[in-house]
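Numbering (our numbering) for the sequence shown: 8 to 137.
Everything below concerns the one structure shown next.
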Amino acid sequence: MANSPLSALVGGVLLVWWPEDENPHHPGPKFRPGYVLDLDLTAKKVLIAYGTTQRLETQGAGEMVVTHAEMPTLKQDTKFCFRRTKWIPLSPSFLSKSQTGIDVIYVGSVPKARADDLLNALQEARLITP
């Protein structure tokens, strides 16, 4: 992965067609932000943490809210749920708004000022060890 320009996506936010649990191999009905945790270029997959704009007032273990004020490229305040992750295909049908590949939307990186909060959420989700 380190030799690929795609490795720059890890640690950033993409908009993705999040697949529904009952139909995991097909793009979902909602184009939403997801935090990129890992890439598997051999299997052509990306590990994404779920992002939601709902129930922002409650924040459980392994969750982190990033506001529009902190990250203006996010259209709305967004909660990333690091305990809810999925490997999704590196394909236009999951990663492109039009599903053609011409409009993959990289939202950006979580602000550096939130690095400690991000590390805490990743530890709570047991994605990294302290």
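Glycine included, every Cβ here is placed at the ideal spot set by N, Cα and C.
The three-state secondary structure of R133, taken from DSSP, is coil. Rounded to whole angstroms, the Cβ separation of L22 and R39 is 7 Å, and the two are in contact under 8 Å. At a Cβ-Cβ threshold of 8 Å, L46 and L16 count as neighbours.
Within a 10 Å sphere around the beta-carbon of S100 sit fewer than 16 other beta-carbons, which makes this residue exposed. Sequence-distant Cβ neighbours of P79 in its own chain, meaning closer than 6 Å and more than five residues away, do not exist here.
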